Amino acid sequence: MRKPIIAGNWKMFKTVPEALELVENLKPALAGEHRVESVLCPPFTALYAVEEALRGTSMALGAQDLFWEKQGAYTGEVSPVMLASIGCKYVIVGHSERRQYFGETDETVNKKVKAALAHGLLPIICVGESLEQREAGKTEDLVRGQVRKALDGLEAAGAAKVVIAYEPIWAIGTGRNASAADADKVAGLIRRTIAGVFDARLADGVRIQYGGSVKPENIAEFMQQPEIDGALVGGASLDAQSFVRIVRYEQK
Ligand code: 13P
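Going by the numbering used here, the sequence shown runs without a break in its numbering and finishes at 261.
Rendered as structure tokens:
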């Protein structure tokens with residue numbers, strides 16, 4: 010049984026006081042939530058404060074990116090050691106916004122996935138097609154390629170720990186979510202791709218999220234799909250009430 014995982018990607022939102030206010034508003038509802046693993050991914054500046062505020066709760070902490078070196082002269086970067094040392098459990102890798110604006114490639118994603126696992130962090134690897142790619146019928150090839158390259162050279166033990174987030178770019182922040190059936194189809198393709206690289210048993214244990222305009226109103230539909238095990242939520246994770254409603258979606 011795969012435990013559902015719903016993560017809030019706060020992107021570049023929330024100062025430290027704003028982050029703490031959000032956490033305090035989430036806590037009464039989610040501190041003891043065990044049916045779903047809920048993960049908060051604040052910006053770097055708020056990670057430590059949020060980690061302190063989450064102590065003793067069942068909510069986990071995630072970062073939004075990392076660099077692959079342990080330390081060194083890499084101005085502006087944050088290492089896996091630093092993230093692990095402040096209690097991060099997860100780290101988002103290869104978000105389409107990083108691929109689009111910050112030169113992230115399948116190769117750097119692969120390096121980051123390996124670095125995360127080497128330091129005990131669980132990567133949430135983002136894949137997904139643009140509207141142009143979708144309309145050209147390239148979704149399957151593109152997503153299959155992104156998954157294969159992200160997992161290239163991993164040992165089975167590491168691959169078994171990753172979370173994959175299928176986030177079609179055209180659905181991010183647009184209010185236009187993928188249909189649950191379409192998202193489930195791509196999630197199934199991702200699972201078969203992992204099975205091809207490793208084996209079916211390993212693939213069966215990997216959690217696959219859907220991301221892109223997830224809201225309280227549509228979460229249940231996604232969670233009812235057999236291949237979808239959770240969600241990566243952007244905008245709707247910035248408001249306590251709406252994130253709580255998402256984590257408390259009606260059960261399958
Ligand atoms: P929205 O939920 O705002 O569409 O963002 C999705 C996303 O990019 C999560 O990583």
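Note that the Cβ used here is the ideal one computed from N, Cα and C, for glycine as well.
From a predicted model like this one, the values you see are computed outputs, not experimental measurements.
CA nearest to the CA of Ala180, picked from Lys224, Gly197, Asp208 and Leu160: Lys224
State the beta-bridge partners of Cys50 as determined by DSSP. Asn18
Which of the three DSSP states is assigned to Ala240 in this structure? strand
Where does Ala192 land, buried or exposed, given buried means 16+ other C-beta within 10 angstroms? buried
For the ligand 13P, is there a heavy atom less than 7 Å away from the beta-carbon of Leu241? yes
beta-carbon Asn227 near the ligand 13P non-hydrogen atom, thresh 7 Å: no
Would you say the beta carbon of Ala187 is closer than 7 Å to some non-hydrogen atom of the ligand 13P? no
Uninterrupted beta strand (DSSP E) stretches inside the segment 91-128 (no shorter than 3 residues): 99-102
Take Thr202 and list the residues in its own chain whose beta-carbon comes closer than 7 Å to its own, dropping the five residues that flank it on each side. Arg153, Val156 and Arg157
So if DSSP puts Arg216 in a beta bridge, which residue, or which two residues, is it bridged to? Val172
Kindly indicate which three-state DSSP category Val136 falls into: helix, strand or coil? strand
Just verifying my parser: in three-state terms, what is the DSSP assignment at Leu70? strand
DSSP has Leu131 in a bridge; who is on the other side? Tyr99
Report whether the distance from the Cβ of Gly220 to the nearest heavy atom of the ligand 13P is below 7 Å. yes
Please report how far the alpha carbon of Cys262 lies from the alpha carbon of Val172, in whole angstroms. Not covered by the structure: residue 262. The range shown for the chain is 10 to 261.
With respect to 7 Å, is the separation between the Cβ of His128 and the closest non-hydrogen atom of the ligand 13P below this value? no
Let me know the secondary structure DSSP gives Trp77 once reduced to three states. coil
Secondary structure of Lys261, DSSP reduced to three states: Because the pLDDT of Lys261 is 44, which lies under 50, any placement of that residue in the model is unreliable, and the question is left without a value.
Short check: CB of Glu60 to CB of Gly96, under 8 Å? yes
So Leu31 is in the alpha helix (DSSP H); what residue range does that whole segment cover? Val25 to Leu39
Shorter than 7 Å, the distance from the beta carbon of Gly205 to the closest heavy atom of the ligand 13P, or not? no
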